[in-house]
């Protein structure tokens, strides 16, 4: 009986942890999407400034690099979320 109770507690803890990880991953996606959108707008504005002679090529390249970094971080967040979904489903026994 003690072993069964311990197993139940372990499973409950694992499911709860997987659920919390899933929620954290979902929030990370939202954060990274907002950061990516902000970087995309910054890049767009930097290009407009460059076209009007108000920014240098270096500034545009730096802005493009920042956008690329944010896009990569967003993709990593999506990957982490997908892994969290799989871990949650495994914890539930699906």
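Residue numbers (the working numbering): 153 to 246. Quick reminder that beta carbons are idealized off the backbone N, C-alpha and C, glycines included.
#### Entry: CB contact flag (residue 198, residue 207, <8 Å)
Their beta carbons are under 8 Å apart, which means residue 198 touches residue 207 by this criterion.
#### Entry: Residues near residue 168 by beta carbon distance below 8 Å, same chain, minus five either side
Shown here for residue 168: not one same chain residue has a beta carbon closer than 8 Å to its own, the five before and five after excluded.
### Query
When you compare only the Cα positions, how much space is there between residue 239 and residue 170?
Our two residues, residue 239 and residue 170, have alpha carbons roughly 6 Å apart in a direct line.
### Message
Please state the DSSP three-state secondary structure of residue 206.
### Response
When secondary structure is reduced to three states using DSSP, residue 206 falls in the coil class, being assigned neither helix nor strand.
### Message
Comparing C-alpha positions only, which one of 157, 154, 155, 161 sits nearest to residue 243?
### Response
The shortest Cα separation from residue 243 among 157, 154, 155, 161 belongs to 161.
### Query
Does the beta-carbon of residue 229 have 16 or more other beta-carbons within 10 angstroms, so that it is buried, or is it exposed?
Residue 229 comes out buried.
### Query
Are residue 215 and residue 194 closer than 8 Å when you measure CB to CB?
Yes, the pair counts as a contact, with Cβ atoms nearer than the cut-off.
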